[in-house]
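Trainee:
There are 2 protein chains.
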Amino acid sequence: MGRKRIRDIRNEELIEATIVAVHKRGYSVVTMAEIAQEAGASAASINYYFGSKEGLMEATMRHLLRKLRIAMIEGYGAAQTPKERLYAVMDANFSDALFTVPQCSIWMQFWANAPYSPRLARLHRINRTRVRSHVRAELANILPAERVETARSALQCYMDGVWLEAAQSESAVNAETARQAAHQVVDLTLS
Amino acid sequence: MGRKRIRDIRNEELIEATIVAVHKRGYSVVTMAEIAQEAGASAASINYYFGSKEGLMEATMRHLLRKLRIAMIEGYGAAQTPKERLYAVMDANFSDALFTVPQCSIWMQFWANAPYSPRLARLHRINRTRVRSHVRAELANILPAERVETARSALQCYMDGVWLEAAQSESAVNAETARQAAHQVVDLTLS
DNA sequence: AAGAAACCTGAACGATGATTCAAAAATAAG
DNA sequence: CTTATTTTTGAATCATCGTTCAGGTTTCTT
């Protein structure tokens, strides 16, 4: 068991260091040496664990996607009505665990770089499709069919835009405030 | 006069090539050689005109910002009411000249990289501030004061999100459709 | 036409950074 | 305490790319 443990601990540490380092320096500019320094390790050890820089980035993105999935499932469980489930989707995106400047920042970095990396693109596409079908399914229970697609697009664009703005923010962001604003947007969209 | 002309022509050509090349390969990955090839020139000549890669990128961003400014001024002139001027702001963002996949794509690239380049960051900040105050000013004429800021944020996030989505699109995007959707969003936000 | 100015490029330079590797250090097993 | 296994890293390798520069070509001026 101890065997498995150390590997997991290192993985976790290196991924956290990656988030911080990428936020500080930018996805494309950050070097293995910088990430290693952030984690108190050496560049060579990162390759030992992740095989390559791209492997590290993919693992980091998986880490964030897992967080999002968990937040989503959690909120979905409690929700009863379609509208509450819509709220839950928004709340997952703006949950305390996810909606921080470094994470929004790195998310944007992945966004911008996904089209040029097949491995990132694949993860990105899967996530996007999943969120889309969730939102669409709930909207279909509330709005007439011809309004669903417009509303879905508006809500998803709004979510993306909020993340983008958060990524640029120079001070800390407030997740609770973001959730309240998102609820208002949902309400408007459904009116 | 002929002196000035050639320089302008080359600048234009190189910037267009930059947009295409960055869209194809990504801001951080694209090389001077690739951009040069796209323009049918040599990497050295780009340095002759723009001094450095960063200079080229800055010029390209200025080019896009100028386009946006022009589209905005144009629409503003015709608009009479505050609501029409709001439409005009949205329409500028989704004008035929700007709302294409390569341009949204490169815009997103600049977005993601601006925080790490003082020269890009400066341009980016100026533009963002300008759009924000325009939207805020128009909303202040329509909505009660306490709703202005929420509405402004919602509209701006929406615009950003639409660009982001367009940047990821694999097929061509339709500017007219985007404008119509944007008008609907404005209407909902004001309701 | 001849000289000057602008324009262009191939080749060389210099710096950087991901990855590999051999060997050391730490840890576990017997 | 040995031996085996896992973990770690400094140094070497290898490749890439932005930039410079010297010299050539074209365009303009007179």
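Protein chains in written order, with this note's numbering: chain A, 8 to 198; chain B, 8 to 198.
Just so it is clear, CB atoms sit at the ideal spot from N, CA and C, and this is done for glycine as well.
#1: Check whether the Cβ of A/C111 lies closer than 8 Å to any Cβ atom in chain B.
#2: Any idea what DSSP makes of A/Q116, helix, strand or coil?
#3: A/Y165 touches chain B at which residues, Cβ-Cβ below 7 Å?
#4: At the level of alpha carbons, what is the spacing between B/S160 and A/I13?
#5: Per DSSP, what kind of secondary structure is A/L195 in: helix, strand or coil?
#6: Contact criterion: CB-CB distance below 8 Å. Does B/Y123 meet it with respect to chain A?
#7: Could you check whether B/V108 and B/V180 sit closer than 8 Å to each other, using their CB atoms as the reference points?
#8: Please check if any C-beta of chain A sits within less than 8 Å of the C-beta of B/M8.
#9: At which residues does the alpha helix (DSSP H) containing A/Y83 begin and terminate?
#10: What is the rounded straight-line gap between the Cα of B/A185 and the Cα of B/G47?
#11: Taking one C-beta from the stretch 100-117 of chain A and one from the stretch 64-79 of chain A each time, how about it: are there three or more such pairs within less than 8 Å?
#12: I'd like to know if the stretch 137-145 of chain A and the stretch 43-61 of chain A are in contact, where contact means that at least 3 CB-CB pairs between them fall below 8 Å.
#13: Please list, in chain order, all residues of the same chain as B/H131 whose beta carbon is under 6 Å from its beta carbon, the five residues on each side excluded.
#14: For the stretch 72-98 of chain B, which residues have a CB atom closer than 9 Å to at least one CB atom of chain A, in sequence order?
#15: Measuring straight from C-alpha to C-alpha, what distance separates B/L93 and B/M166?
#16: Is DSSP giving B/E41 helix, strand or coil here?
#17: Once the 5 residues before and after B/M39 are set aside, which same chain residues still bring their CB inside 7 Å of it?
#18: Given a threshold of 16 other Cβ atoms within 10 Å of its Cβ, counted over all protein chains shown, does B/M8 qualify as buried or as exposed?
#19: How about A/Q116: is its C-beta nearer than 8 Å to some C-beta of chain B?
#20: Ignoring anything shorter than 4 residues, give me the alpha helix (DSSP H) runs that lie fully in the stretch 96-156 of chain B, in order along the chain.
#21: If I measure Cβ to Cβ from B/I42 and keep anything under 7 Å in the same chain, skipping five residues before and after, which residues do I get?
#22: Using a 10 Å radius around the Cβ and a threshold of 16 neighbouring Cβ atoms, would you call A/N148 buried or exposed?
Mentor: Once the coordinates are examined:
#1: The sequence position of residue 111 of chain A within the first sequence is 104, counting from 1. Not an interface residue.
#2: One-based indexing of the first sequence puts residue 116 of chain A at position 109. A/Q116 falls in the helix class under three-state DSSP.
#3: On the first sequence, position 158 is the one that residue 165 of chain A refers to. For A/Y165, the residues of chain B that pass the 7 Å Cβ criterion are A161, C164, Y165, G168, in the order they occur in the chain.
#4: Position 153 of the second sequence, counting from 1, holds the residue named residue 160 of chain B. Position 6 of the first sequence, counting from 1, holds the residue named residue 13 of chain A. Taking the straight line from one Cα to the other gives about 45 Å.
#5: Here residue 195 of chain A is taken as the residue at index 188 of the first sequence, counted from 1. Helix.
#6: As a working mapping, residue 123 of chain B is identified with position 116 in the second sequence. By the rule that beta-carbons nearer than 8 Å mark a contact, B/Y123 touches chain A.
#7: If you number the second sequence from 1, residue 180 of chain B lands on position 173. If you number the second sequence from 1, residue 108 of chain B lands on position 101. Yes. Within cutoff.
#8: Along the second sequence, read from residue 1 onward, the residue named residue 8 of chain B stands at position 1. Residue confidence is low: B/M8 scores 38 on pLDDT, short of 50, so the model does not pin down where it sits. Its coordinate-derived value is still stated next. Judged by the 8 Å Cβ criterion, B/M8 is not in contact with chain A.
#9: For the purposes of this step, residue 83 of chain A is taken as the residue at position 76 of the first sequence. From DSSP, the alpha helix (DSSP H) with A/Y83 extends over 60-85.
#10: What you label residue 185 of chain B is simply residue 178 of the second sequence in a count that begins at 1. What you label residue 47 of chain B is simply residue 40 of the second sequence in a count that begins at 1. Taking the Cα positions, B/A185 is about 34 Å away from B/G47.
#11: As far as the Cβ criterion goes, the stretch 100-117 of chain A touches the stretch 64-79 of chain A, which means the pair count is three or higher.
#12: By the Cβ criterion, the stretch 137-145 of chain A is not in contact with the stretch 43-61 of chain A, since fewer than three pairs of Cβ atoms, one from each stretch, lie closer than 8 Å.
#13: Here the question's residue 131 of chain B lines up with position 124 in the second sequence. Once the five neighbours on either side are set aside, the close Cβ partners of B/H131 are A121.
#14: So nothing in the stretch comes that close.
#15: Indexing the second sequence from 1 puts residue 93 of chain B at position 86. Indexing the second sequence from 1 puts residue 166 of chain B at position 159. Cα to Cα, the separation comes out at about 12 Å.
#16: By 1-based counting over the second sequence, the position of residue 41 of chain B is 34. Three-state result, B/E41: helix.
#17: Numbered from 1 along the second sequence, position 32 holds the residue referred to as residue 39 of chain B. Counting only Cβ-Cβ distances below 7 Å, and skipping sequence neighbours, we find A50, I53, K60.
#18: Counting from one through the second sequence, the residue named residue 8 of chain B turns up at place 1. For B/M8, the pLDDT reaches just 38, beneath the cut-off of 50, and the residue's location in the model is therefore unreliable, leaving the point undetermined.
#19: For the purposes of this step, residue 116 of chain A is taken as the residue at position 109 of the first sequence. Interface residue, yes.
#20: Uninterrupted alpha helix (DSSP H) stretches at least 4 residues long and entirely within the stretch 96-156 of chain B occur at 108-120, 125-147, given in chain order.
#21: What you label residue 42 of chain B is simply residue 35 of the second sequence in a count that begins at 1. Apart from sequence neighbours up to five positions away, the residues of its chain that approach B/I42 with a beta-carbon distance below 7 Å are A24, T25, A28, I53, ordered along the chain.
#22: For this step, residue 148 of chain A is matched to residue 141 along the first sequence. The residue is exposed, with fewer than 16 neighbouring Cβ atoms inside 10 Å.
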